[in-house]
Amino acid sequence: MAKSPKISASHEPGGLIVHISGLLPSLSPAEQRVARLVVADPADAARRTITDLATAAATSEATVIRFCRSVGMDGYPQLRIRLAAEAARRIEPPDARVVGGDIPPGADLAQIIATIAFNDARAVEETAEQLDPAVCEQVVEAIGGAGRIDVYGAGASGFVASDFQQKLHRIGRTAFYFPDVHTALTSAALLGRGDVAVGISHTGTTSDVIEVLEQARARGATTVALTNFPRSPITEVADFVLTTAARETTYRSGAMASRLAQLTVVDCLFVGVAARNRARAKKALEATAEAVQSHRVGSTRRRG
1 MAKSPKISAS
11 HEPGGLIVHI
21 SGLLPSLSPA
31 EQRVARLVVA
41 DPADAARRTI
51 TDLATAAATS
61 EATVIRFCRS
71 VGMDGYPQLR
81 IRLAAEAARR
91 IEPPDARVVG
101 GDIPPGADLA
111 QIIATIAFND
121 ARAVEETAEQ
131 LDPAVCEQVV
141 EAIGGAGRID
151 VYGAGASGFV
161 ASDFQQKLHR
171 IGRTAFYFPD
181 VHTALTSAAL
191 LGRGDVAVGI
201 SHTGTTSDVI
211 EVLEQARARG
221 ATTVALTNFP
231 RSPITEVADF
241 VLTTAARETT
251 YRSGAMASRL
261 AQLTVVDCLF
271 VGVAARNRAR
281 AKKALEATAE
291 AVQSHRVGST
301 RRRG
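In UniProt numbering, the protein residues as written are 1 to 304.
Following this line, the structure appears as structure tokens:
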């Protein structure tokens with residue numbers, strides 16, 4: 001299967017700011033300075049001339065033009081128009097202090113709660129908005145027809161990988177998760193055509209996950225990458241690429257908002273697979289629920 005084509009900036013369903021945020025790590029340092037100004041305040045950037053924006057980013061007008069092309073724009077006029085439209089459609093929270101994800105020194109607990117809640121909700125919403133249903137459908141079809149599914153992830157992404165494996169197992173799919181890279185590699189070496197390997201990495205740069213996915217692909221398995229950055233290294237070893245849209249708050253880089261966004265995608269895939277064979281999934285869920293019922297407090301069923 002061929003890798004899913006990247007969505008161009010003129011078609012990104014989740015919005016231009018989500019698109020630019022996802023491409024930020026792949027930009028040059030000077031272009032990243034432009035990108036951060038644009039992402040931080042689209043309305044302000046839209047009002048600036050190219051000279052003003054270049055000066056604010058401590059770079060040249062030529063770099064701003066290169067940035068425009070890097071994110072899929074024909075030039076700076078198109079970028080300004082798109083940024084103005086993006087700023088007009090953005091819905092800000094009642095308390096503007098929670099925007100941006102940064103928790104300033106001296107913030108009280110109420111502000112911390114509001115900031116985290118707003119940014120977590122935004123991560124889920126923007127992830128759902130930019131997900132490509134056509135690519136999701138292809139991944140669901142591959143998983144639904146797979147003889148075996150291996151799911152890989154490290155750190156916080158490992159929790160998501162484990163959750164996905166458990167969900168698939170609950171509906172009768174043969175799925176495995178290996179937290180150790182050595183056992184993951186040996187498992188991947190036994191995959192073949194008709195099997196699916198899913199690699200989860202927020203940054204898309206986790207070498208263990210990339211190596212395992214590369215091994216699975218070499219054996220003929222269909223490979224799927226779930227990452228926040230569509231030009232990250234993991235996408236180079238994936239047949240299908242699914243992306244999240246998470247921006248972390250202070251103290252939580254690569255941890256919680258990203259995990260919620262990943263879980264959103266995982267749940268979409270899980271329900272998609274279950275819906276392909278509702279009767280089988282329903283029967284499996286009922287059987288597995290019944291198996292653990294006696295271990296719940298207040299259960300009327302006696303343990304044998």
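Idealized CB from N, CA, C, for every residue including glycine.
Name the DSSP beta bridge partners of G199, please?
Y152, A225
Under 7 Å Cβ to Cβ from L79, same chain only, skipping five residues before and after it: list those, please.
Non-local beta-carbon contacts of L79 in its own chain, meaning distances under 7 Å to residues more than five positions away in sequence, involve C68, M73 in chain order.
C-alpha distance - N277 paired with P104, whole-angstrom precision
Taking the straight line from one Cα to the other gives about 49 Å.
Inter-residue Cα distance where the pair is R231 and C268
Straight-line Cα distance between these residues: approximately 23 Å.
Find out if the Cβ-Cβ distance for the pair T63, A30 is shorter than 7 Å.
yes
Could you give the first and the last residue of the continuous beta strand (DSSP E) run that contains V241?
240 to 243
I want to see whether chain C comes within less than 7 Å of T222, judged by CB atoms only; does it?
Absent here is chain C; the protein component of the structure consists of one chain.
If we call anything under 7 Å between Cβ atoms a contact, is I234 one with G204?
yes
Per DSSP, what are the beta-bridge partners of F176 in this structure?
D150
Report the residue from D150, E129, L24, R47 whose alpha carbon sits nearest the alpha carbon of A221.
The alpha carbon of A221 has as its nearest neighbour, out of D150, E129, L24, R47, the alpha carbon of D150.
Buried or exposed by the 16-neighbour rule on C-beta atoms within 10 Å, applied to S207
exposed
Among T59, L53, A114, T115, which one has its Cα closest to the Cα of Y76?
Just measuring C-alpha positions, the residue of T59, L53, A114, T115 sitting nearest Y76 is L53.
Cβ separation of G194 and A161, assumed to be a contact under 8 Å, to the nearest whole Å:
G194 to A161, Cβ: 21 Å. No contact.
Return the first residue and the last residue of the alpha helix (DSSP H) that D132 is part of.
First-last for D132: undefined, no H or E at that position.
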